[in-house]
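For the protein sequence lines, the chains are A and B, in the order given.
Take the first sequence: its letter number 55 is residue 64 in the working numbering, and every next letter is one higher.
Take the second sequence: its letter number 67 is residue 76 in the working numbering, and every next letter is one higher.
Glycine included, C-beta positions come from ideal geometry on N, C-alpha and C.
2 protein chains.
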Amino acid sequence: MYDSLTSLRVVEASSFVASPLAGLYLAQMGAEVIRVDQIGGGPDFHRWPQTAAGASLYWEGLNKGKKSVALDLSRPDGRELAAALAAAPGENAGLFLTNYPTDGFLSHERLAARRPDLVTVRVMGQANGGPALDYTVNCAIGVPHITGPESLKDEPVNHVLPAWDLLAGAYAAFVMLALERNRRGTGLGQEARVPLMDVGIATIANLGQLAEVLTTGANRPRYGNDVFGCFGRDFISADGKRLMIVAITPRQWNALIKALDIASEIAAIELMREVSFAQNEGVRFQHRDALNPVVERAVAQRTAAELKASFDSLGCCWGPYQTMLEAAKDSMLVTDNPIFEAIVQTSGVTYPVPGAMTTIPQAARRSPLRAPRLGEHTDEILAEVLGLTSGAIGRLHDQGLVAAD
Amino acid sequence: MYDSLTSLRVVEASSFVASPLAGLYLAQMGAEVIRVDQIGGGPDFHRWPQTAAGASLYWEGLNKGKKSVALDLSRPDGRELAAALAAAPGENAGLFLTNYPTDGFLSHERLAARRPDLVTVRVMGQANGGPALDYTVNCAIGVPHITGPESLKDEPVNHVLPAWDLLAGAYAAFVMLALERNRRGTGLGQEARVPLMDVGIATIANLGQLAEVLTTGANRPRYGNDVFGCFGRDFISADGKRLMIVAITPRQWNALIKALDIASEIAAIELMREVSFAQNEGVRFQHRDALNPVVERAVAQRTAAELKASFDSLGCCWGPYQTMLEAAKDSMLVTDNPIFEAIVQTSGVTYPVPGAMTTIPQAARRSPLRAPRLGEHTDEILAEVLGLTSGAIGRLHDQGLVAAD
């Protein structure tokens, strides 16, 4: 955690990946992020993976360092409290993050009637309000058809990584700060809608791939694990370890040739095919039928340890294939990585959790925090933010409109 | 494009996906983003995909709406100009976005000596300065081993989508605004480092997957196109169309049962296995061996058009599998999508390009802009930002230190 956003207060009413992730990023940079949770939990409160006892490792991972107010959002008075929290006063407040429908009780219009300068960031499925999830976006924009080995023919390969949710979440956090900055200058309240579908198709376009299929009139075929447009693929070492090796820049390419001692073979290919690989990574891709076997042989003659030593000393770009369990025990990735710290999470289980994904050398990184228990901060927030007396809060409890931890 | 960040000036010295993408997001929200480009182009200036004439559709996709100053960064005087631009005065300037090494002529320390309140956001490979690309991060954290059909056994499946670059880019844009906001309050200049490797492993942890393997002691197996922890998979319609169907919430599940008219079959499974699917999406995943065939049969009895009609009217969460070319011609995704507009890009080719991925109902969306030509704004920026006279700029041209379009 860092203190960059300490003065900010964000109210979050959200579930699943993108919107909670935006709240997590804000919280990890110091913002006070107050979740408004349904008593008993929202639709993702039990989402897999879970602990043996049934606590959601997913939910506690996405909600670290936030506060939780538990309300009965199915009743008008509970909805009233949620709206009052979202639109509560304060020049650094009035920031609402959600994936609730555009037209419901948490619509921007309704909340802006209470606070005209409210900033709302709303993650959506489709821009028209229709449902969409990462997986239904990914298939619609054509990624599964170009993912995976050619041997799969027309069988599409879905991502297990919710890439569009992840991107939408970080982008939503960015947009929240952009609108908040604009508000400070203009006093203007606005809603930024972030539809997963638009995030997906705009990104394919930003990468040039939409223009590619439109200009060529053809779909990109599957290239398996080869990296499109440069040299890169997975290779197997003498001791049977699999490595990803990539060479995009001239520096990476020359380092690879040196590390594998294949200068003469490469020169022979250049001579025979009348090309030069050093300055043009695209040519490396065009001639991968000749380059891959050379690298394949050279890698197969060396152990993974030998390759690591020479690759690292020469600055080659490579990575080992590891299982997630191997990654979780990898010193550089986790066990000796200063962004991780083992804490007792809300499930009661102790494991390493990361703080902010960025490192600020000039600032002190504070320890990551656990997720809240549902309703853990109900009374505190109702008193501090809405100014309710303990008597009033007690009555809300009696009515079952709110729940504390 | 929107005007939310119009007063901001960001200087960008960057290549590949993440860092230019952060600059693109800032530019699409109104910031003035000035690229410092090597004369002749940086290492990604010709990156595939390209037009028939050899222009990079990738580069022009990632650099829309930015300005370009072309300098000879291999010479001290050219580097001096780049540093002077990055650290130029102005309360809304002094924001530097880069993927250059931490220790080079564009290190934060060197630039901060010129401007102590400089904010630098630096995308990196590894936190220690070592090289890493999306593909070498993805293999190291274990994603390729759980992506793709079980039939592939131990064969890993790389993403073709640079998901970690995309996330790092949006996150870098967020961090830029977080540090700029902090600077306005404290006057403090800082550097935020965003290593791809940390973005990757922290995200796996934020999703609960790191805790999953650590607590179970086992890696998640491959589930093909099944969505982990809920009901979701690809199915084939009577007319041979493939659809992705997901049901996470009770609402989505009940809608699916209604749309496919499978209430009795589902009830029979619930009775036989003594479970209830409606309230617990995890149980749907546990019993997918029984549920998938029921849905498979029901989907196979209906045409894609029939399914679309009932799914959309009932609010089921689904998506068609499309090729990228089909997506590029899809009315909702592109041709009738208000975020897209066909413009003449810098390559000379006209095609639909997207503006900001977010939509602000209260603000006017301005047309997307083309990418700059290399050096297109050299003279303008040297005069406006560095205050150089036309004579001084002329001398820089004579020395070959700068190039205009």
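Query: Of the residues Val20/B, Ser13/B, Ile402/B, the one placed nearest Leu197/A, counting alpha carbons only; Result: Ser13/B
Query: Start and end residues, alpha helix (DSSP H) containing Phe53/B; Result: Checking the displayed sequence, the identity of residue 53/B turns out to be Asp instead of Phe. First-last for Asp53/B: undefined, no H or E at that position.
Query: Contact check, Val222/B vs Asn228/B, beta carbons under 9 Å; Result: yes
Query: Beta-carbon proximity check, Lys267/B vs Ala313/B, cutoff 9 Å; Result: no
Query: Member of Ala27/A, Pro29/A, Val42/A whose CA lies at the smallest distance from the CA of Ser16/A; Result: Val42/A
Query: Residues that Asp143/B bridges to, as DSSP identifies them; Result: Asp143/B pairs with nothing; no bridge assigned.
Query: CB of Phe105/B within 9 Å of CB of Val208/B, strictly; Result: no
Query: Nearest residue (CA-CA) to Glu389/B, options Ala276/B, Ala380/B, Gly403/B; Result: Gly403/B
Query: Reference Asp339/B, options Ile210/A, Glu385/A, Thr224/A, closest by Cα; Result: Ile210/A
Query: Contact with chain B by Phe240/A, beta-carbon distance below 9 Å; Result: no
Query: Alpha helix (DSSP H) runs wholly inside the stretch 127-194 of chain A, at least 4 long, in chain order; Result: 143-149
Query: Neighbouring residues, chain A, relative to Arg282/B (Cβ below 8 Å); Result: Near Arg282/B there are no residues of chain A at all, since even the closest Cβ is about 18 Å away, more than 8 Å.
Query: Nearest-angstrom Cβ-Cβ length linking Arg84/A and Tyr67/A, presumed shorter than 8 Å; Result: That pair is no contact at about 28 Å.
Query: Proximity test, Cβ basis, 9 Å: Glu315/B and chain A; Result: no
Query: Buried or exposed by the 16-neighbour rule on C-beta atoms within 10 Å, applied to Ala177/A; Result: buried
Query: Chain B contact residues for Phe237/A, given Cβ-Cβ distances below 9 Å; Result: Trp57, Pro58, Val169
Query: Chain-ordered neighbours of Trp262/A on chain B, where CB pairs are closer than 9 Å; Result: Under the 9 Å cutoff, chain B gives no residues; its nearest Cβ is about 11 Å from Trp262/A.
Query: Same chain, Cβ closer than 8 Å to Ala220/B, five either side skipped, listed in chain order; Result: Ala214
Query: Short Cβ contact (9 Å threshold) for Ala256/B with Gly241/B; Result: yes
Query: Proximal residues of chain B, C-beta to C-beta of Gln199/A below 7 Å; Result: Ile369, Gln371, Ala372
Query: 8 Å CB neighbourhood of Ala136/B in its chain, flanking five on each side removed; Result: Arg202, Pro204, Met206, Asp207
Query: Closer than 8 Å at the beta carbon, the chain A residues around Val255/B; Result: Leu142, Tyr144, Thr145
Query: Nearest residue (CA-CA) to Lys317/B, options Gly39/B, Ser246/B, Trp173/B; Result: Ser246/B
Query: Beta carbon of Leu142/A nearer than 9 Å to that of Cys325/B; Result: no
Query: Under 9 Å between C-beta atoms of Val146/B and Gly157/B; Result: no
Query: Classification of Gln59/B by the beta-carbon crowding that lies within 10 angstroms, buried from 16 upward; Result: buried
Query: Proximity to Asp174/A [Cα-Cα], best of Ala61/A, Gly194/A, Gln310/A, Arg131/A; Result: Arg131/A
Query: Where the beta strand (DSSP E) containing Gln199/B begins and where it ends; Result: 199-204
Query: Opposing strand residues paired with Gln59/B [DSSP bridges]; Result: Ser65/B
Query: Unbroken alpha helix (DSSP H) run spanning Ala401/B, endpoints; Result: 399-407
Query: For Met10/B and Arg365/B, believed in contact at Cβ under 8 Å, the rounded distance; Result: Looking at the sequence provided, one finds Ala at residue 365/B rather than Arg. Contact holds; Cβ gap of about 6 Å.
Query: Beta-carbon separation (whole angstroms), Leu378/A vs Gly74/A, contact threshold 8 Å; Result: 4 Å
Query: Helix, strand or coil at Ser77/A according to DSSP, with G and I counted as helix; Result: strand
Query: Test: Lys73/A CB closer than 9 Å to a CB of chain B; Result: yes
Query: Cβ distance (whole Å) where Glu69/B is taken to contact Thr355/B below 8 Å; Result: 5 Å
Query: Distance between beta carbons of Gln331/B and Gly134/A, contact taken as under 8 Å; Result: Gly134/A to Gln331/B, Cβ: 17 Å. No contact.
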